[in-house]
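Colleague: Quick one: this structure, given as structure tokens, is what I'll be asking you about.
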Amino acid sequence: MNRTNYRSSVRPVTNYSQPVLLYMNLSLTQILDVDEKNQIVTLNMWVSQQWHDPNFVWNPAHYGNITELHIPSEDIWTPDLVLYNNAGGDWDLGSSANKVNVLSDGTILWRPPIIFKSQCEINVEFFPFDTQNCTLKLGTWTHNGYLIDLRHVAQKEEADRNGWRNFDNCKAYIDYAIDLSQFVDNVEWDILEVAAKRNIEKYKCCPEPYLDLTFSLNIRRKTLFYGVNLICPCLAISFLTILVFYLPGESGEKMSLSINILLSLTVFFLLIFDICPPTSLVVPLILKYLLFTMILVTLSVMATVIVLNVHWRSPDTYVMAPWVRQVFMRTLPKLLLMKKPETERRKEEVIPNIGGTDTEALCAFLADEFDDGEVMRERLRSRRTAMTSSGIINEIELALEGVRNIATHMKKEDERNTIRDDWKYVAVVLDRLFMWLFSCAAIIGALGIFMQAPSLRDTKESLSTSTP
562 MNRTNYRSSV
572 RPVTNYSQPV
582 LLYMNLSLTQ
592 ILDVDEKNQI
602 VTLNMWVSQQ
612 WHDPNFVWNP
622 AHYGNITELH
632 IPSEDIWTPD
642 LVLYNNAGGD
652 WDLGSSANKV
662 NVLSDGTILW
672 RPPIIFKSQC
682 EINVEFFPFD
692 TQNCTLKLGT
702 WTHNGYLIDL
712 RHVAQKEEAD
722 RNGWRNFDNC
732 KAYIDYAIDL
742 SQFVDNVEWD
752 ILEVAAKRNI
762 EKYKCCPEPY
772 LDLTFSLNIR
782 RKTLFYGVNL
792 ICPCLAISFL
802 TILVFYLPGE
812 SGEKMSLSIN
822 ILLSLTVFFL
832 LIFDICPPTS
842 LVVPLILKYL
852 LFTMILVTLS
862 VMATVIVLNV
872 HWRSPDTYVM
882 APWVRQVFMR
892 TLPKLLLMKK
902 PETERRKEEV
912 IPNIGGTDTE
922 ALCAFLADEF
932 DDGEVMRERL
942 RSRRTAMTSS
952 GIINEIELAL
962 EGVRNIATHM
972 KKEDERNTIR
982 DDWKYVAVVL
992 DRLFMWLFSC
1002 AAIIGALGIF
1012 MQAPSLRDTK
1022 ESLSTSTP
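Take 562 as the starting number for the sequence shown in the numbering used here and just add one per residue.
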């Protein structure tokens, strides 16, 4: 071990033209936060680095069989790895004050823990059934590829086997690039993929190539929380709209229920705004469904107004057109499997029982023929000889006139009630028609919107916490 004239600011190489082979890997321990609004992901990680320092080579037999030393990181040369897409927090690994492991063959192992806050472009198009791909771009800040050859630790075995020493002949893509053996499961996100790509970049400022490792963290949102707290209430509000058309018009609560549903949906809409990230690029999936539900509820309010208008129509103001009677009282009820209730209207005898055989016969005769007063008078005159008193005839004529007036009034009133019942039946048919239309619209709309999310059809399992 040669520490004479050793300086921690000088690259540990015997020949200045040789690069330092730096192997690194990331160990993810926890996803601390995914801030959709500010598009920042916060990760707790260990950054594993390995390189060779010829100044720290010794024979363990000469030093009491000591094969490993622990040296403060500020007393030894360490690479200036930084997070390029940093969004705050720790970005320079050199600021870590933990110690490094130095082996007797000159191998240096440094595994500083760090909290990365990385910029992550959040795509909320399918929120809350979304997947996100966050990247971590790590590279040296001042050393180009000729000075530090940055590689992933998975490339070490292949590079040693093939004797690769040039920085541009390593495999560029690594499938499993982040160690998850110490990962603590997150309550909101599942990890689907942890890949890395080794990039060789040339910038306009400098002719030398610069190396970086770009790690991709593909995560999928767990939907249980949002399904219970967002999707289920939205579906409940949507299907409450259907019950508006099941409520009878006589209850007087159809419009109140429609307005209350619309108000509750508006309040729920405002609560969603606090959860969804503000963006003008796409409309999140949950907001699409809320907008669809709001349109559906608004149309239900309009449909309820039409139904109530039809329900309370009277013969004094409206005349039912023949096509309305044909469509809504004959055709649609059959298609909707409805049956009009049949009411038996019976005529009651209103002539008092005077007594006598001829009087009973007359009452029966009047009960059948009271709707035609003139005919009754003629028949009464022809049977005058059968009567014992002319006063009875006068009384019967007066009773006949009263019966005729009452019968005429009852007939008109019965016709008016029949027309009212017909309008009410048309309103019931409209209610049933709107109920089926809105039911189909609610189901098809919900399926059509939510099935757009690819994660609902994704059967990929989350990565286990153990390295495969």
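Glycine residues also receive a C-beta, built at the ideal position from the N, C-alpha and C atoms.
Are there three or more Cβ pairs, one per stretch, closer than 8 Å when the stretch 892-900 is compared with the stretch 982-999?
Modeller: Short answer: they touch.
Colleague: Below 8 Å on the Cβ atoms is my contact criterion, and I expect Tyr771 with Gly706 to pass it. Report the Cβ-Cβ distance as a whole number of Å.
Modeller: Contact holds; Cβ gap of about 6 Å.
Colleague: What number of angstroms, rounded off, separates the C-alpha of Leu851 from the C-alpha of Leu826?
Modeller: Rounded to the nearest angstrom, the two C-alpha atoms are 8 Å apart.
Colleague: For Asp773 and Trp671, what's the separation of their Cα atoms in angstroms?
Modeller: Each residue's Cα considered, the two are about 18 Å apart.
Colleague: So Thr701 packs on Leu711, CB below 8 Å; how close in whole Å?
Modeller: That belief holds up - the Cβ atoms of Thr701 and Leu711 are roughly 7 Å apart, short of 8 Å.
Colleague: Could you work out which residue in Ser569, Leu857, Phe677, Cys793 is closest to Asp594 when comparing CA atoms only?
Modeller: Closest option to Asp594, Cα to Cα, is Phe677.
Colleague: Check Thr775 in the structure and name its three-state DSSP category.
Modeller: The answer is strand: DSSP assigns Thr775 an E or B state.
Colleague: When you compare each of Ser679, Asp751, Tyr584, Asn646 to Thr668 by their alpha carbons, which one comes out closest?
Modeller: The candidate whose alpha carbon is nearest that of Thr668 is Tyr584.
Colleague: Output the distance between the C-alpha atoms of Thr1020 and Leu778, rounded to the nearest integer angstrom.
Modeller: For Thr1020 and Leu778, the distance between alpha carbons rounds to 18 Å.
Colleague: Taking contact to mean 3 or more Cβ pairs, one atom from each stretch, closer than 8 Å, check whether the stretch 952-963 and the stretch 856-876 are in contact.
Modeller: Taking 8 Å as the limit for Cβ pairs, the verdict is that the stretch 856-876 does not touch the stretch 952-963.
Colleague: Counting only the same chain and skipping the five closest in sequence on each side, list residues whose C-beta sits under 6 Å from that of Gly1006.
Modeller: Correct list, in chain order: Phe853.
Colleague: Return the Cβ separation of Leu893 and Lys815 in integer angstroms, given the expectation that the two are a contact with Cβ distance under 8 Å.
Modeller: Between Lys815 and Leu893 the Cβ distance is about 20 Å, and since that is not below 8 Å, they are no contact.
Colleague: Note down the Cα distance separating Asn605 from Gln743, rounded to an integer number of angstroms.
Modeller: When rounded, the distance between both Cα atoms is 11 Å.
Colleague: Using a Cβ distance threshold of 8 Å, determine whether the stretch 880-892 contacts the stretch 833-846, with at least three qualifying pairs required.
Modeller: No contact exists between the stretch 880-892 and the stretch 833-846.
Colleague: Using beta-carbon positions only, say whether Tyr734 and Lys758 come within less than 8 Å of one another.
Modeller: Result yes, Cβ atoms of Tyr734 and Lys758 sit closer than 8 Å.
Colleague: Taking Val755 as the reference, which of Glu629, Ile822, Thr784, Thr775 has the closest Cα?
Modeller: Nearest option by C-alpha distance: Thr775.
Colleague: Taking 8 Å as the CB-CB cut-off, is Asn626 touching chain C?
Modeller: The chain inventory of the structure shown lacks chain C, comprising one protein chain alone.
Colleague: By how many angstroms is the C-alpha of Cys793 removed from the C-alpha of Ile632?
Modeller: C-alpha separation (whole angstroms): 57 Å.
Colleague: Give me whichever residues DSSP pairs with His970 in a beta bridge.
Modeller: The partner list for His970 (beta bridge, DSSP) is empty, contrary to what the question assumes.
Colleague: Can you list, in chain order, the residues of its chain whose CB lies under 8 Å from that of Ile867, leaving out five sequence neighbours each side?
Modeller: Result list for Ile867: Leu991, in chain order.
Colleague: With C-beta atoms as the reference, is Leu824 less than 8 Å away from Cys837?
Modeller: No, the pair does not count as a contact, with Cβ atoms beyond the cut-off.
Colleague: Identify every run of the alpha helix (DSSP H) within the stretch 775-850, keeping only runs that are complete inside it and at least 4 residues long; order them along the chain.
Modeller: Listed in chain order, they are 793-805, 815-834.
Colleague: Under three-state DSSP, which class holds Gly1009?
Modeller: In this structure, Gly1009 counts as helix in the three-state DSSP scheme.
Colleague: Confirm, please, whether the CB-CB distance from Asn646 to Ser679 is below 8 Å.
Modeller: It is a contact, given that the beta carbons lie within the stated cut-off.
Colleague: Which whole-angstrom value describes the C-beta separation of Phe999 and Ile683, a residue pair presumed to lie in contact below a C-beta threshold of 8 Å?
Modeller: Rounded, the Cβ-Cβ distance is 35 Å, inconsistent with contact.
Colleague: In its own chain, which residues sit with a C-beta less than 8 Å from the C-beta of Ala1014, not counting the 5 before and 5 after it?
Modeller: Here the set comprises Phe687, Phe690, Asp691, Leu846.
Colleague: So, using beta-carbon positions, are Ser569 and Asp636 closer together than 8 Å?
Modeller: Yes.
Colleague: For Val843, which residues of its own chain have a beta-carbon under 6 Å away from its beta-carbon, when the five flanking residues on both sides are left out?
Modeller: So the qualifying residues of the chain are Glu686.
Colleague: So, His872 versus Trp984, is the Cβ gap smaller than 8 Å?
Modeller: Yes. Within cutoff.
Colleague: Find out if the Cβ-Cβ distance for the pair Leu589, Leu644 is shorter than 8 Å.
Modeller: No, the Cβ-Cβ distance between Leu589 and Leu644 is not below 8 Å.
Colleague: Hey, out of Glu762, Val987, Pro674, Asn599, whose CA is closest to Phe884's CA?
Modeller: The amino acid occupying residue 884 in the given sequence is Trp; Phe does not appear at that position. Of the candidates Glu762, Val987, Pro674, Asn599, the one whose C-alpha sits nearest the C-alpha of Trp884 is Val987.
Colleague: Could you give the DSSP three-state label for Tyr764: helix, strand or coil?
Modeller: The answer is coil: DSSP assigns Tyr764 none of H, G, I, E or B.
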